[in-house]
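Residue numbers (the numbering used here): 435 to 689.
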Ligand SMILES: [Zn+2]
């Protein structure tokens, strides 16, 4: 089986369209139908998820993902975590608690907000085992190993975690990568990067900031994600150079 990375969702916190049917400047097209940000990695028989968006169930069904071994969290915001409840069938299927990984602050926040996942409540068994990450760690199943580097990036008033997994960088929520962390982004094959909107934003990269970072660290290919309703897929395609592509839900590549 080839190793495969899939962008399950590439929308901003409300997705597109919003629940009100607001679609901003987006042309009607499946490329602009965006669920909330998260991603999936299949390495041999090892299945690892980055974040549990509120859309996670439909994302798994659409992409025919039937197994799950571990979850990596970037941060605790609801658009990256609110689907955590949907993970119960994998606890039943694997007959073991689902290992989840995150920074000390993310794990603390998850345990507070989703207490039932980590300790028995009202007779319901906990379904997850929390692991606080180091700068480097790995997730393994049989001979399949994901080598992961983790580092703090600025996301408005909090720190979210940027990950480099097998030469693929994933930074979905970020408005600044501190200078001393840029070394993690050198010689990447792919960089999947937050690019919220055209205008500046206090907790996300805007278009110009995302492009500047990509030009600085020069991944072989960059994919823009966390896209808001002012960033139309087709308009982005027209203006971006070949090595930078706008994400769409379900975009995947083998590596
Ligand atoms: Zn966030």
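From the three backbone atoms N, C-alpha and C, an ideal C-beta is built for every residue, glycine too.
Inter-residue Cα distance where the pair is residue i and residue j
| i | j | result |
| --- | --- | --- |
| residue 552 | residue 505 | 14 Å |
| residue 571 | residue 517 | 25 Å |
| residue 585 | residue 598 | 9 Å |
| residue 592 | residue 665 | 25 Å |
| residue 633 | residue 662 | 11 Å |
| residue 468 | residue 546 | 29 Å |
| residue 573 | residue 442 | 20 Å |
| residue 685 | residue 667 | 12 Å |
| residue 603 | residue 530 | 29 Å |
| residue 670 | residue 544 | 35 Å |
| residue 568 | residue 595 | 11 Å |
| residue 539 | residue 549 | 15 Å |
| residue 625 | residue 556 | 43 Å |
Extent of the continuous beta strand (DSSP E) run through residue i
| i | result |
| --- | --- |
| residue 651 | No beta strand (DSSP E) contains residue 651, which is instead part of the alpha helix (DSSP H) from 641 to 651. |
| residue 625 | 624 to 628 |
| residue 574 | 570 to 575 |
| residue 512 | Premise fails: residue 512 lies in the alpha helix (DSSP H), 512 to 515, not in any beta strand (DSSP E). |
| residue 668 | Note, residue 668: premise wrong, no beta strand (DSSP E); alpha helix (DSSP H) at 667 to 673. |
| residue 438 | 438 to 443 |
| residue 656 | 655 to 659 |
| residue 585 | 578 to 589 |
| residue 476 | 472 to 477 |
Beta-carbon spacing of residue i, residue j below 7 Å
| i | j | result |
| --- | --- | --- |
| residue 437 | residue 689 | yes |
| residue 510 | residue 491 | no |
| residue 654 | residue 623 | yes |
| residue 609 | residue 639 | yes |
| residue 541 | residue 512 | no |
| residue 618 | residue 583 | yes |
| residue 450 | residue 470 | no |
| residue 683 | residue 444 | yes |
| residue 477 | residue 580 | yes |
| residue 674 | residue 446 | no |
| residue 525 | residue 475 | no |
| residue 561 | residue 522 | yes |
| residue 637 | residue 590 | yes |
| residue 657 | residue 679 | yes |
Proximity test, residue i beta-carbon vs ligand 1 heavy atom, cut-off 6 Å
| i | result |
| --- | --- |
| residue 662 | no |
| residue 607 | yes |
| residue 638 | no |
| residue 511 | yes |
Extent of the continuous alpha helix (DSSP H) run through residue i
| i | result |
| --- | --- |
| residue 528 | 522 to 528 |
| residue 614 | Segment: none, residue 614 is in no alpha helix (DSSP H) and carries neither H nor E. |
| residue 493 | 490 to 496 |
| residue 540 | 538 to 547 |
Contact with chain D by residue i, beta-carbon distance below 7 Å
| i | result |
| --- | --- |
| residue 585 | Reference to chain D is not applicable here, since this structure consists of a single protein chain. |
Sufficient close CB pairs (3 or more, under 8 Å) joining the stretch 472 to 482 to the stretch 501 to 518: yes
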